[in-house]
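Protein chains: 2
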Amino acid sequence: MSLRIFSNSSVYALRALMYLVSRREKQKYISIKEMSETLDISFHFLTKALQPLTHKGILMSSRGPAGGVSFLKAPEEVTLMEIILILEGEDFFKSCMLGLEGCGHQRPCPVHGVWMDIKSILMKEFSSISLAMIGDKTVMQHLRLMNL
Amino acid sequence: MSLRIFSNSSVYALRALMYLVSRREKQKYISIKEMSETLDISFHFLTKALQPLTHKGILMSSRGPAGGVSFLKAPEEVTLMEIILILEGEDFFKSCMLGLEGCGHQRPCPVHGVWMDIKSILMKEFSSISLAMIGDKTVMQHLRLMNL
DNA sequence: CTTATTTAAGACATATTAGTCTTAATTAAA
DNA sequence: TTTAATTAAGACTAATATGTCTTAAATAAG
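Right under this line is the structure:
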């Protein structure tokens, strides 16, 4: 297996968000159907993957013709960190590298310190990146969000 | 879900290695049975999890009475990085954060740069830690390798 | 008001990972 | 040389993650 830190569901939601923000100047709502086809993601699966984001006020959605999803919160104000905590859960960065329960300062595992450092770096990185930054970069440098 | 970068199988093997190195002064072989009971890991599962390490010359094993596993390569010379590549595969650190095929300098995804940085840090950290270091630390600070 | 379009929700199916069990092969000791 | 102990290997089962399908609810347009 290769290194992956997010579930498929989260990755799909992330890619859709990146797609959405990279063309946010167009019409108000963008349909999940369009995104699922463009990004080659199962439509129903993507629909569900995005729901926590609407529930938590990142996106808004509209049913019916010309419906879809759109940003409720300004992408400039949304960090990757915030998205990750919504998609994966608030405890995402509270794990032990060895999966031990209650591993912490009191009763640490042998790699507790290293793992803490690594998690800190991840959190710092993800907190410093907004969706708007990703969208701008994606447009300007023609970056890809799908397999070829 | 919380952050985890290794499979259960790999985590079990890592914990067993840490246990093994933290008491390497004792008898030559330590039985997998003993480790599986001490660490509360399924015996057969642990047996299989450790096999790639014997195949790759990190451990040696002996069947029969007083058998078990022991280090073939000196724990001072074995880094976490080396273990991870054996357990998870040589391509472990070649992944894309968004799971895109062929994501690289040529056709990067929007988070390619960040992800590269993160992976570099991980590789650097894991390369700088030997099993012997972990063993010494575990003994000296009475660190734990199992759930309470 | 009716229809077509779209998200929401949940049941269902499939694939992958994790874990168990059985048998075989090896080895040390009696 | 027989027996018990142990790893090796592989079939099998269970749990979880991933993906599909069906139906319901909402909404815009005619």
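Which chain is which? The protein sequence lines are A and B, in order.
Count along the first sequence from 1, add 94, and you get the number used in the numbering used here.
Count along the second sequence from 1, add 94, and you get the number used in the numbering used here.
Cβ atoms here follow ideal geometry from the backbone N, Cα and C, with glycine treated the same way.
- Message: Can you check whether the C-beta of residue 109 of chain B is within less than 7 angstroms of a C-beta belonging to chain A?
- Response: As a first step, residue 109 of chain B is located in the second sequence; it is residue number 15 there, counting from the start. Contacts with chain A at 7 angstroms (Cβ-Cβ) include residue 109 of chain B.
- In the DSSP assignment, find the unbroken beta strand (DSSP E) run with residue 162 of chain A in it and report its ends. Here residue 162 of chain A is taken as the residue at index 68 of the first sequence, counted from 1. Counting along the chain, the beta strand (DSSP E) containing residue 162 of chain A begins and ends at 162 to 165.
- Task: Could you tell me which chain A residues have their CB closer than 9 angstroms to the CB of residue 118 of chain B, listed as they occur along the chain?
- Result: Sequence index remark: in the second sequence, residue 118 of chain B carries index 24 (1-based). Near residue 118 of chain B there are no residues of chain A at all, since even the closest Cβ is about 14 angstroms away, more than 9 angstroms.
- Of the residues A:197, A:166, A:185, A:211, which one's Cα is nearest the Cα of residue 220 of chain B? Numbered from 1 along the second sequence, position 126 holds the residue referred to as residue 220 of chain B. The shortest C-alpha separation from residue 220 of chain B is found at A:211.
- Query: Using CA coordinates, which residue listed in A:241, A:236, A:231, A:170 is at the minimum distance from residue 208 of chain B?
  - Reply: The residue labelled residue 208 of chain B in the question sits at position 114 within the second sequence. Comparing Cα positions, the closest option is A:231.
- Using a Cβ-Cβ cut-off of 6 angstroms (strictly less than) and excluding sequence neighbours within five positions of residue 155 of chain A, which residues of its own chain qualify? Residue numbering aside, residue 155 of chain A sits at position 61 when the first sequence is read from its first letter. 148, 163, listed in sequence order.
- Message: From the DSSP secondary-structure annotation, give me the bridge partner or partners of residue 112 of chain A.
- Response: Reading the first sequence from its first residue, position 18 is the one you call residue 112 of chain A. None, per the DSSP bridge assignment.
- Inter-residue spacing [alpha-carbon to alpha-carbon] between residue 193 of chain A and residue 158 of chain A: Position 99 of the first sequence holds residue 193 of chain A. Position 64 of the first sequence holds residue 158 of chain A. Approximately 45 angstroms, taken between the alpha carbons.
- Query: For residue 136 of chain B, does the three-state DSSP call read helix, strand or coil?
  - Reply: On the second sequence, residue 136 of chain B is found 42 positions in, with the first residue counted as 1. DSSP, read as helix, strand or coil, puts residue 136 of chain B in coil.
- Beta carbon of residue 124 of chain A nearer than 7 angstroms to that of residue 141 of chain A: By 1-based counting over the first sequence, the position of residue 124 of chain A is 30. By 1-based counting over the first sequence, the position of residue 141 of chain A is 47. Pairing residue 124 of chain A with residue 141 of chain A gives a Cβ-Cβ distance that is not under 7 angstroms.
- Query: For residue 189 of chain B, which residues of its own chain have a beta-carbon under 7 angstroms away from its beta-carbon, when the five flanking residues on both sides are left out?
  - Reply: As a first step, residue 189 of chain B is located in the second sequence; it is residue number 95 there, counting from the start. Here the set comprises nothing.
- Query: Going by the beta-carbon positions, is the gap between residue 169 of chain B and residue 133 of chain B smaller than 7 angstroms?
  - Reply: The residue you call residue 169 of chain B lines up with position 75 of the second sequence. The residue you call residue 133 of chain B lines up with position 39 of the second sequence. Taking 7 angstroms as the Cβ cut-off, residue 169 of chain B and residue 133 of chain B do not qualify as a contacting pair.
- Message: Measuring alpha carbon to alpha carbon, tell me which residue in A:143, A:160, A:167, A:145 is nearest residue 152 of chain A.
- Response: What you label residue 152 of chain A is simply residue 58 of the first sequence in a count that begins at 1. Here the closest residue by C-alpha is A:167.
- Message: What does the alpha-carbon distance come out to for the pair residue 182 of chain A and residue 138 of chain B?
- Response: Taking the first residue of the first sequence as position 1, residue 182 of chain A is located at position 88. Taking the first residue of the second sequence as position 1, residue 138 of chain B is located at position 44. Our two residues, residue 182 of chain A and residue 138 of chain B, have alpha carbons roughly 32 angstroms apart in a direct line.
- Would you mind telling me which residues of chain A sit closer than 7 angstroms to residue 237 of chain B, beta carbon to beta carbon, in chain order? The residue given as residue 237 of chain B occupies position 143 in the second sequence. Close to residue 237 of chain B, with beta-carbon spacing below 7 angstroms, are these residues of chain A in chain order: 202, 203, 204.
- Message: Restricting to Cα atoms, I'd like to know which of B:227, B:241, B:174, B:240 is closest to residue 118 of chain B.
- Response: Counting from one through the second sequence, the residue named residue 118 of chain B turns up at place 24. With distances taken between CA atoms, residue 118 of chain B lies nearest to B:227 out of B:227, B:241, B:174, B:240.
- Item | Whole-angstrom distance between residue 100 of chain A and residue 90 of chain A, CA atom to CA atom | The structure shown does not extend to residue 90 of chain A, since chain A spans only 95 to 242, so no value can be given for it.
- Task: Compare the C-beta of residue 164 of chain A against all C-beta atoms of chain B and say whether one is closer than 7 angstroms.
- Result: Here residue 164 of chain A corresponds to residue number 70 of the first sequence, with the count starting at 1. With its beta carbon at least 7 angstroms from every one in chain B, residue 164 of chain A lies outside the interface.
- Task: Identify which residue in B:215, B:150, B:171, B:108 has its Cα closest to the Cα of residue 205 of chain A.
- Result: For the purposes of this step, residue 205 of chain A is taken as residue 111 along the first sequence, with counting starting at 1. The shortest C-alpha separation from residue 205 of chain A is found at B:108.
- Query: If the cut is a Cβ gap below 8 angstroms, which residues of chain A does residue 219 of chain B touch?
  - Reply: Within the second sequence, residue 219 of chain B is the residue found at index 125, counting from 1. For residue 219 of chain B, the chain A residues whose C-beta falls within less than 8 angstroms of its own C-beta are 208, 211, 212, listed in chain order.
- Item | Cβ-based neighbour list, residue 143 of chain A, same chain, cut-off 6 angstroms, excluding 5 preceding and 5 following | Looking up residue 143 of chain A in the first sequence gives position 49. If the five residues before and after residue 143 of chain A are omitted, its C-beta is found closer than 6 angstroms to the C-beta atoms of 103, 106, 107, all from its own chain and listed in chain order.
- List, in order along the chain, the chain A residues whose C-beta lies closer than 8 angstroms to that of residue 234 of chain B? For this step, residue 234 of chain B is matched to residue 140 along the second sequence. Correct list: empty, because the minimum Cβ distance to chain A is about 11 angstroms.
- Whole-angstrom Cβ separation of residue 216 of chain A and residue 112 of chain A, contact assumed at under 8 angstroms? Start at 1 with the first residue of the first sequence, and residue 216 of chain A comes out as number 122. Start at 1 with the first residue of the first sequence, and residue 112 of chain A comes out as number 18. Contact flag wrong, Cβ pair sits at about 18 angstroms.
- Message: Checking the sheet assignment: what are the DSSP bridge partners for residue 154 of chain B?
- Response: Walking along the second sequence from the start, residue 154 of chain B turns up at place 60. B:164, per the DSSP bridge assignment.
- Message: Could you compute how far the alpha carbon of residue 236 of chain A sits from the alpha carbon of residue 229 of chain A?
- Response: The sequence position of residue 236 of chain A within the first sequence is 142, counting from 1. The sequence position of residue 229 of chain A within the first sequence is 135, counting from 1. Linking residue 236 of chain A to residue 229 of chain A through their CA atoms gives a straight-line distance of about 10 angstroms.
- Query: By a C-beta neighbour count over all protein chains shown, 10 Å radius and 16 as the cutoff for buried, is residue 110 of chain A buried or exposed?
  - Reply: Position 16 of the first sequence, counting from 1, holds the residue named residue 110 of chain A. Here residue 110 of chain A is buried. Its C-beta has 16 or more other C-beta atoms within 10 Å.
- Message: Per DSSP, what are the beta-bridge partners of residue 224 of chain A in this structure?
- Response: Walking along the first sequence from the start, residue 224 of chain A turns up at place 130. Per DSSP, the beta bridge partners of residue 224 of chain A are A:173.
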